[in-house]
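Q: Mind having a look at this structure? Questions to follow.
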Amino acid sequence: MRLFIMLIAFLAAGCASPPPAEAPHAAPGILIIAHRGASGELPEHTMQAYARAIELGADYIEPDLVMTRDGVLVARHDPWLSDSTDIGDRPEFASRKTTLTGPDGQELTDWFAWDFTLAELKTLRARQVRPDRPRQFDDLWAIPTYDEIAELAAAETARTGRLIGLYPETKWPRHHQDRGLDMTSAMEAALRRHGHETAEAPVFLQSFEPFILIELKERVGTRLVQLVFPLGTSPDAPPSVDLETLATYSAGVGPHKSMVNHPLTGEATGYAARARALGLEVHPWTYRDDGLPGWAATPEAEIRAAIEAGATGVFTDFPGTGYRTVHGSGDN
Ligand code: G3P
Ligand code: CA
């Protein structure tokens with residue numbers, strides 16, 4: 187029954203009118219950042235999920251990036267592949283399963299992107315990673331490269347007349363570096379290939395790891411965003427990187443949403459206001475129609491509370507909801 191309801195919701199969303207080409211771009215208003223594409227509907231980090239996000243009105247599409255053995259940036263949330271692809275059903279790759287220690291000291295047994303060439307990864311097909319979301323699009327679509335995603339954004343900008351931005355996140359950069367894969371240089375080269383090495387480019391480049399942002403700050407003018415999370419479960423827990431420090435190299439901060447609105451009451455914490463006072467963009471994550479905190483009556487109400495608290499953009503798995511909330515159309 188649940189799958190049936192989700193299917194109906196998906197079809198209803200698919201029948202909704204896309205935003206008109208002349209729709210006002212959110213800048214300098216609130217940015218709708220499509221988190222992993224339209225990942226609430228389609229398998230995340232596929233060309234189809236990014237295209238759907240643009241159709242739903244996203245200002246920016248977000249590829250999380252890892253690297254292949256031959257040094258290509260590809261879109262996956264995690265370097266491991268078992269939950270987001272069909273690799274577990276590929277006997278030709280069975281022997282590549284391996285065990286490593288992750289950045290947080292956790293032991294991981296899986297297949298990892300950096301052990302495969304791009305040509306090998308391109309034979310895989312993407313899968314839905316969340317068990318409560320539609321699975322009918324599993325095993326259809328390939329893993330995209332960052333270049334392919336950047337080309338999609340440029341083509342859609344030309345086609346629609348709306349400026350479609352890119353919001354890449356470098357995943358596990360230190361771990362890549364330890365394996366001889368220089369993510370800083372790969373990212374710099376990718377930005378230059380697409381003419382995105384200046385602050386005027388429609389790009390925000392994000393990471394949880396400060397070192398890669400600090401290195402890139404020395405090489406390019408592209409706007410950088412430090413991702414932060416609370417070091418603990420209490421609403422008063424300190425952030426993983428403090429605002430004054432990150433303001434020295436970042437144009438913005440990407441905090442966990444519980445840092446912007448109190449996780450139990452929804453009240454503004456003051457964090458976004460403090461960041462804004464330092465001149466920072468504030469882009470909290472992640473807003474999900476199917477993952478509301480108890481205090482929010484609707485997904486739109488949760489996003490509105492973030493904006494009222496000082497957010498200048500939101501990461502959402504449901505960019506259509508974000509668009510309706512920001513632009514005032516639809517049932518919100
Ligand atoms: O990049 C913002 C947000 O996506 C960070 O969390 O784990 O979904 O990449 P994650
Ligand atoms: Ca991300």
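Numbering (my numbering), first residue to last: 187 to 518.
Idealized CB from N, CA, C, for every residue including glycine.
In terms of alpha-carbon separation, which member of K357, S420 and I329 lies closest to I398?
A: Along the sequence shown, read from residue 1 onward, the residue named residue 398 stands at position 212. Taking only the C-alpha atoms, the option nearest I398 is K357.
Q: For ligand 1, I want to know if Q314 counts as a neighbour, meaning its beta carbon is within less than 7 Å of at least one of the ligand's heavy atoms.
A: Taking the sequence shown and counting its residues from 1, the one referred to as residue 314 is at position 128. For ligand 1, not one heavy atom lies less than 7 Å from the Cβ of Q314.
Q: Do you know how far the Cα of R490 is from the Cα of P205?
A: Within the sequence shown, the letter at position 19 stands for residue 205. Within the sequence shown, the letter at position 304 stands for residue 490. Caution applies to P205, whose pLDDT of 44 falls short of 50 and renders its modelled position unreliable; the model cannot decide the point.
Q: Measuring alpha carbon to alpha carbon, tell me which of P505, P320, T511 and H362 ends up nearest I350.
A: Locating residue 350 in the sequence shown gives position 164, counting from the first residue. I350 has its Cα closest to that of P505, out of P505, P320, T511 and H362.
Q: Considering only residues of the same chain and omitting the five flanking positions on each side of R343, which have a CB-CB separation below 7 Å?
A: Position 157 of the sequence shown, counted from the start, is the residue given in the question as residue 343. For clarity, residue 343 is Thr in the given sequence; the question names Arg instead. L349 and I350.
Q: Spell out a yes or no on whether the segment 264–283 and the segment 298–307 are touching, meaning 3 or more CB-CB pairs, one atom from each, closer than 8 Å.
A: Judged by Cβ distances under 8 Å, the segment 264–283 makes contact with the segment 298–307, as three or more pairs qualify.
Q: Based on Cα-Cα distance, which residue from M253, R311 and Q234 lies nearest to T271?
A: By 1-based counting over the sequence shown, the position of residue 271 is 85. Of the candidates M253, R311 and Q234, the one whose C-alpha sits nearest the C-alpha of T271 is R311.
Q: For T451, I'd like the list of residues in its chain whose CB is within less than 8 Å of its CB, leaving aside the five on either flank, ordered along the chain.
A: Position 265 of the sequence shown, counting from 1, holds the residue named residue 451. These residues qualify, in order along the chain: W481.
Q: Would you kindly check if the distance between the Cβ of A458 and the Cβ of L429 is under 8 Å?
A: As a working note, residue 429 is residue 243 in the sequence shown. As a working note, residue 458 is residue 272 in the sequence shown. Cβ distance not < 8 Å, so L429 and A458 don't count as in contact.
Q: Hey, could you find the ends of the beta strand (DSSP E) D250 is sitting in?
A: Taking the sequence shown and counting its residues from 1, one reaches residue 250 at position 64. Its beta strand (DSSP E) spans residues D250 to M253.
Q: If you follow the alpha helix (DSSP H) that V512 is part of, which residue opens it and which one closes it?
A: As a working mapping, residue 512 is identified with position 326 in the sequence shown. P505 to H513 is the span of the alpha helix (DSSP H), which, as asked, contains V512.
Q: Measure how close the beta-carbons of I219 and Y246 come, nearest whole angstrom, since I'm counting them as under 8 Å.
A: Here residue 219 is taken as the residue at index 33 of the sequence shown, counted from 1. Here residue 246 is taken as the residue at index 60 of the sequence shown, counted from 1. Contact holds; Cβ gap of about 4 Å.
Q: Do P249 and F323 have their C-beta atoms within less than 8 Å of each other?
A: Within the sequence shown, the letter at position 63 stands for residue 249. Within the sequence shown, the letter at position 137 stands for residue 323. No, Cβ-Cβ distance for P249 and F323 is not below 8 Å.
Q: Which of the three DSSP states, helix, strand or coil, is assigned to Y246?
A: Counted from its first residue, the sequence shown places residue 246 at position 60. Looking at Y246 - three-state DSSP - the assignment turns out to be strand.
Q: Identify whether T370 lies in helix, strand or coil by the three-state DSSP scheme.
A: As a working mapping, residue 370 is identified with position 184 in the sequence shown. Helix, per DSSP.
Q: Cβ of L413 within 7 Å of any heavy atom in ligand 1?
A: Stepping through the sequence shown from its first residue, residue 413 is reached at position 227. Yes, since a heavy atom of ligand 1 falls inside the 7 Å radius drawn around the Cβ of L413.
Q: Can you give me the C-alpha to C-alpha distance between G508 and E395, rounded to a whole angstrom?
A: Within the sequence shown, numbered from 1, the residue matching residue 508 stands at position 322. Within the sequence shown, numbered from 1, the residue matching residue 395 stands at position 209. When rounded, the distance between both Cα atoms is 27 Å.
Q: Less than 8 Å between the C-beta atoms of T408 and A385, yes or no?
A: Sequence index remark: in the sequence shown, residue 408 carries index 222 (1-based). Sequence index remark: in the sequence shown, residue 385 carries index 199 (1-based). Contact flag set, yes.
Q: Determine which residues share a DSSP beta bridge with I219 and list them.
A: Walking along the sequence shown from the start, residue 219 turns up at place 33. In the DSSP output, where bridge partners are listed per residue, I219 has Y246 and F501.
Q: My output table needs one value for A341: the three-state DSSP class, helix, strand or coil.
A: Within the sequence shown, the letter at position 155 stands for residue 341. In this structure, A341 counts as helix in the three-state DSSP scheme.
Q: Consult DSSP for A312 and reduce its assignment to one of helix, strand or coil.
A: Taking the first residue of the sequence shown as position 1, residue 312 is located at position 126. Three-state DSSP puts A312 in a strand.
Q: Taking 8 Å as the cut-off, does the segment 352–370 touch the segment 313–330 (at least 3 CB pairs, one atom from each stretch)?
A: No, they do not touch.
Q: At a threshold of 7 Å, does T472 count as lining ligand 1 (C-beta to nearest heavy atom)?
A: Within the sequence shown, the letter at position 286 stands for residue 472. Yes, ligand 1 has a heavy atom inside 7 Å of this Cβ.
Q: Does the distance from the CB of P330 to the CB of T472 come in under 8 Å?
A: For this step, residue 330 is matched to residue 144 along the sequence shown. For this step, residue 472 is matched to residue 286 along the sequence shown. For P330 and T472, no; Cβs fall outside 8 Å.
Q: Would the beta-carbon of D250 be found less than 7 Å away from any heavy atom of ligand 2?
A: As a working note, residue 250 is residue 64 in the sequence shown. Result yes, Cβ under 7 Å from ligand 2.
Q: Determine the direct distance from the alpha carbon of V468 to that of T502, and round the result to whole angstroms.
A: Translated into positions along the sequence shown, residue 502 becomes position 316. Translated into positions along the sequence shown, residue 468 becomes position 282. If you take the alpha carbons of T502 and V468, they lie about 14 Å apart.
Q: Tell me, please, which residues DSSP counts as bridged to P425.
A: Indexing the sequence shown from 1 puts residue 425 at position 239. Partner(s): P416.
Q: Provide the residue span of the alpha helix (DSSP H) that contains F397, from first to last.
A: Mapped onto the sequence shown, residue 397 falls at position 211. Element bounds for F397: P396 to R405.
Q: My assumption, with CB atoms under 8 Å, is that V411 sits in contact with V439. Please give the rounded CB distance.
A: In the sequence shown, the residue the question calls residue 411 occupies position 225. In the sequence shown, the residue the question calls residue 439 occupies position 253. Rounded, the Cβ-Cβ distance is 7 Å, consistent with contact.
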